[in-house]
Structures are given as structure tokens and as C-alpha cells.
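In terms of the numbering used here, the sequence shown opens at residue 1 and continues consecutively.
Don't be surprised by glycine CBs; every beta carbon is placed ideally from N, CA and C.
Since we're looking at a predicted model, the values are computed, not measured.
Below: the structure, in C-alpha cells.
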Amino acid sequence: MADLKFAIFGTGFWSRFQLPGWLEHGGCECVAAYNRTVSKAEALAKDFGLPREYADPEELLKNEELDFLDIITDVDTHPQFVEMAAKYKLPIVCQKPMAPSLAQAERMVQVCKDAGVPLYINENWRWQTPMRELKRVLDSGAIGTPFRARIDMISGFPVFENQPFLKELEQFILTDLGSHTLDAGRFLFGEPESLYCQTQRVHSGIKGEDVATILLKMKTGMPVLVEMAYAENYLERDRFPETRVFVEGDKGSALLDLDFWIRVTTGDGTHAKRYPPPRYEWADPEYAIVHSSIASCQANLLEALHGRGEAETTGEDNLKTVRLVFGCYDSAARNEVVTC
Ligand code: 89Y
């Protein structure tokens, strides 16, 4: 089968991992890159041997024969670029978070539906190696029926050093990280029925919230506590950006612990095994778990783009995560439980 030709919009921080992530699998070829500051697109093109770069996104879409477009720009520009690509009937992969508001995310999904083009979201947390294994453990019934869980991603890592634009977001941790942890919650435990959220800002000099505490009540009735913090404080065991998950079931318990350990405790005792992510030479070791899961997410999306399988993180599916993210802001603002 011929390689799928694609272009990328946005050549900032994530493009240097998303691009090699695509190329890792074969079966696709990046033929062009657009960036508002074209010198950045030129630098990426030079480093990765891309044939063409553009300062005008529409010119790229007019000139290039593409099989899909990967949008890796700031969230504010996602709606406009998705609508532009839909006009050209191009399958789209869009970076998370999908949109700056729920209404815009809903419109993006609708526009793609109306144009008959697939919209996929690069939502990678659920593709982390130990997260997939935890799901397998839960599905195996080893710990019986889960009745409560806790998901936490709490780190003192100075996130703003590598991603300074995060400082400018009026809505920070829930959009940036909550998109991931809430999606992982849906992946592991299904859909919530209601939620309650509190947010705090610990850093000075940032616009949004850097701490969030969410209590989800799942449709199964089980409570799931989701805790997030980027307070840049000191923690004894800090392994950014690893997520811990603890699940209690009626026949045992399962822990996804730091350093990729899964510990399953039943009447037979505790079975512990490490599930480290695959190592890629292009990945930044400080983000290894995230960068490897980007590649796994892309492998799933490529199968769908080749017409060989179903994608998990479609726009329609991700809309359910986006609803939770904005439901959390709503709950925090009103200090009330919100129905999902
Ligand atoms: O931007 C975020 C992401 O997607 O993964 C971790 C991160 O870099 C900081 O929260």
C-alpha cells in the first residue's frame, strides 16, 4: 500500500516528537510543514528532511496532495484549521486539547461530520504502556468488580520551563493535563454520571489554575478521585509525567505505581511487574512515557487512516472528555455537583 502523505500545521515543541512518532511506524511520509513564523518550519524541515515549508496554511492545502493533516498548533487555532482542512475534504488529526471551549469542540466535530471527513484527536495518555496493562488487569476480573479508584498526576516538575505558553492559559491544568487524566478515567472506568471539582492557583505569575481536585461519580456508581498539581513544590517521589492509579475491587486491588510498576493484590498475595514504555531515540527522556504513548496513539490512528481498523480517539469520542473538562470548570465556579 502506498505511503500516506501528510502535512503538519505547527512546528513548535510537540512537532519534534509527533513527527518522528509518525515516521516510527512507516507507511506515511511528511511532505510539508506550515508555521506562522516560517523560520521555525524551515528549521524543522531541515532537521527532518521535509521537502517544503509554508508561511500560509491555505496555500499549503491548495498546493499539496495530502492524505491527512496533523494539527499541532496552539489550541486557539484548532477550530479555524479544522474548518479549513474540512473544506479541502482532508482527514484531520488534531492535538489535544481539542478546542478552547466546548461549543467550539462541538462545532469542529459537526463540521467534519457534515464534510464527511474523519477527525481524530491525538490523545495519548490512555496509550501509556502501564495504563494499557492496568486496563487488561481490570478487564481480566482479577480484582473483581472495582468499587473505588484514585488517579493522580501530582508533580513539582517546572512545566513552564519547556512549555512557557502554559503560563498564559486562563484555564491551565484542567485543559492541559485534565484532558489526559479524565480521558484515562473514561478509558479505565467508563463514563461519569456527575462530577464535583475544586481548583487552586499556587504559582504566582501564571494566569490559570495549577491544582485541581475532581470527584467523578461513574455510571456504575463507583467514585473516582482525580487529583492534579503542578505546584513546583518538593515531593519525595516525583516522576513527572507519570500517573498513579489505585483501584479497589471486591476481590482485590491494583496499583499503577511510579516507575511503571503494576502491583495486583488478591488472595494469592501481591504480584508486581514493571511495564516500562518502549524507548525511542528521538524521545526526550524527561517525557519518555508521554512521547512513547504519542507513537502508540499514532499507530492506532494510522491503522484507521489506512482503512484497516477503528481509531479509539475520534473527535466524537474525545468530545466526551472535553465535556468533562469544561464541566469541571463549571463545577468549580459554582461550587456545585454537575451532571455529565
Ligand atoms: O502539555 C502536557 C502534556 O500533554 O503532557 C504533559 C504536559 O507536557 C504537561 O502537562
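Mind reading off the beta-carbon distance from residue i to residue j? Whole number of angstroms is fine, and I expect it under 8 Å.
i: Gly12; j: Lys40; result: 7 Å
i: Ser155; j: Tyr234; result: Contact flag wrong, Cβ pair sits at about 11 Å.
i: Gly315; j: Met108; result: 6 Å
i: Pro57; j: Val75; result: With 8 Å as the limit, Pro57 and Val75 do not qualify as a contact, their Cβ atoms being about 16 Å apart.
i: Thr243; j: Thr181; result: 6 Å
i: Gln104; j: Ile71; result: That pair is no contact at about 13 Å.
i: Glu53; j: Glu64; result: That pair is no contact at about 11 Å.
i: Glu133; j: Tyr287; result: Incorrect: roughly 20 Å between the Cβ atoms, too far for contact.
i: Leu23; j: Ile8; result: Their Cβ separation, rounded to whole angstroms, is 11 Å, which puts Leu23 and Ile8 out of contact at 8 Å.
i: Glu29; j: Lys62; result: About 19 Å separates the two Cβ atoms, so there is no contact after all.
i: Leu60; j: Ala32; result: 5 Å
Quick one: what does DSSP say residue i is sitting in, helix, strand or coil?
i: Val93; result: strand
i: Tyr196; result: strand
i: Pro164; result: helix
i: Glu236; result: coil
i: His203; result: coil
i: Ser253; result: strand
i: His180; result: helix
i: Asn124; result: coil
i: Glu242; result: coil
i: Pro347; result: Any question about residue 347 goes unanswered here, given that the chain covers just 1 to 340.
i: Ala231; result: coil
i: Pro276; result: coil
i: Ala142; result: coil
i: Pro130; result: helix
i: Pro118; result: coil
i: Thr426; result: As shown, the chain starts at 1 and ends at 340. That puts residue 426 outside it, with no answer to give.
i: Val337; result: coil
i: Thr265; result: strand
i: Ala311; result: coil
i: Phe187; result: helix
i: Thr11; result: coil
I want to see whether chain B comes within less than 9 Å of residue i, judged by CB atoms only; does it?
i: Ile92; result: Checking the listed chains, one finds no chain B in this structure; it contains a single protein chain.
Based on the DSSP secondary-structure assignment, which residues constitute the bridge partners of residue i?
i: Ser293; result: Per DSSP, none; premise fails for Ser293.
i: Tyr54; result: Tyr34
i: Phe260; result: DSSP lists no partner for Phe260.
i: Lys5; result: Glu29
i: Met218; result: Pro192
i: Val159; result: In the DSSP output, where bridge partners are listed per residue, Val159 has none listed.
i: Ala367; result: No information on residue 367 is available, as it lies outside the stretch 1 to 340 that the chain covers here.
i: Val247; result: Ala149, Ala254
i: Pro223; result: Lys217
Between which two residues does the beta strand (DSSP E) containing residue i stretch?
i: Leu69; result: 68-71
i: Val75; result: Val75 -> no beta strand (DSSP E), and no H or E assigned at all.
i: Glu286; result: No beta strand (DSSP E) holds Glu286; DSSP gives it neither H nor E.
i: Ala149; result: 146-154
Quick check on the DSSP output: the alpha helix (DSSP H) that includes residue i runs from which residue to which?
i: Val322; result: 315-334
i: Gly21; result: 15-24
Flag this pair as yes or no: are the beta carbons of residue i and residue j separated by less than 9 Å?
i: Glu193; j: Gln200; result: no
i: Ala99; j: His78; result: yes
i: Leu305; j: Asp3; result: no
i: Ile173; j: Met228; result: yes
i: Asp183; j: Thr313; result: yes
i: Pro277; j: Ser253; result: no
i: Leu90; j: Arg323; result: no
i: Ala149; j: Gly185; result: yes
i: Phe82; j: Val38; result: The sequence shown places Val at residue 82, not Phe. Going by C-beta atoms, Val82 is not nearer than 9 Å to Val38.
i: Leu258; j: Val245; result: no
i: Met222; j: Pro130; result: no
i: His271; j: Arg279; result: no
i: Asn318; j: Trp127; result: no
i: Glu376; j: Ser204; result: This structure leaves residue 376 out entirely; the chain is present only between 1 and 340.
i: Glu327; j: Leu195; result: Glu is not the amino acid found at residue 327; the sequence shown has Gly there. Yes, they are a contact pair.
i: Ile143; j: Leu119; result: no
Can you determine whether any heavy atom of the ligand ZN sits closer than 8 Å to the C-beta of residue i, and answer yes or no?
i: His180; result: This structure lacks the ligand ZN; the ligands present are the ligand 89Y.
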